[in-house]
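To convert, note that position 79 of the sequence shown is 76 in this note's numbering; the numbers rise steadily by one, no gaps.
Think of the CB as a built atom: it goes at the ideal place given N, C-alpha and C, for glycine as much as any other residue.
Because the structure is a prediction, the values reported are computed rather than measured.
Notes for the one structure printed next.
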Amino acid sequence: MTDHPDNDPGQTRPFAAILQEIRAGEVADQAAALMQDLVAAVRDIGKKGELTLKIVVEPMKGNEDALAVSGDVTLKAPRPAPKAAIFFADDSGNLLRDDPRQIALPGLRRVDLPTNQPKDLAQ
């Protein structure tokens, strides 16, 4: 074994240095990119999200001194709440857009106007 500053038994090797060596830095690069995605989603939606880094260490088959180290990064980004529509339930449990307990006013009707056309009230 050669002398290497990271091999000093009294020192703990920085985790970031080990992470940079897993899959030639791909896991660290993926984590950095997903962190940017997470920050953008949290700022846009205003809810929390999660980035999870999973490191698996297992003995290498056929070599008791070697360890296989792998990493995976997952993102749980916040999602916007779905838009809701207002409904009312009748006594049978049917959903209706109009409140069945509200008394209907005779002669009223819905008038749909194009939203992009202003109505001229001067006429």
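Query raised in the report: By DSSP, does Asp87 sit in helix, in strand, or in coil?
Result: coil
Query raised in the report: Of all the options Pro103, Val108, Ile83, Gly104, which has the alpha carbon lying nearest to the alpha carbon of Asp121?
Result: Summary: the structure shown does not reach residue 121, with the chain confined to residues -2 through 120, and so no result is reported for it.
Query raised in the report: Would you call the region 27 to 35 and the region 62 to 75 in contact, with 3 or more CB pairs under 8 Å?
Result: yes
Query raised in the report: Apart from the five residues just before and just after Val39, which ones in its own chain have a Cβ nearer than 7 Å to its Cβ?
Result: Lys45, Gly46, Pro75
**Report entry** N- and C-terminal bounds of the alpha helix (DSSP H) containing Leu105
**Finding:** Careful: Leu105 lies outside any alpha helix (DSSP H) and carries neither H nor E.
Requested in this report: Let me know if Ala14 comes out buried or exposed under the rule of 16 or more other beta-carbons within 10 Å of its beta-carbon.
Outcome: exposed
Report task. Look at the Cβ atom of Val137, then the Cβ atom of Gly68, and state whether they are nearer than 8 Å. Result -> Residue 137 is absent from the model: the chain starts at -2 and stops at 120.
Query raised in the report: If we ignore side chains and look at the alpha-carbon of each, how far apart do Val36 and Glu18 end up?
Result: 25 Å
**Report entry** Residue from Gly22, Ile42, Gln27, Lys51 whose Cα sits closest to the Cα of Pro77
**Finding:** Ile42
Requested in this report: Starting from the Cα of Ala21, find the closest Cα among Val66, Ala81, Arg106 and give me that residue.
Outcome: Val66
Report task. Starting from Ala52, trace the alpha helix (DSSP H) both ways and give me its first and last residue. Result -> The displayed chain sequence assigns Ile, not Ala, to residue 52. It is not in any alpha helix (DSSP H) - Ile52 instead sits in the beta strand (DSSP E) that spans 47 to 57.
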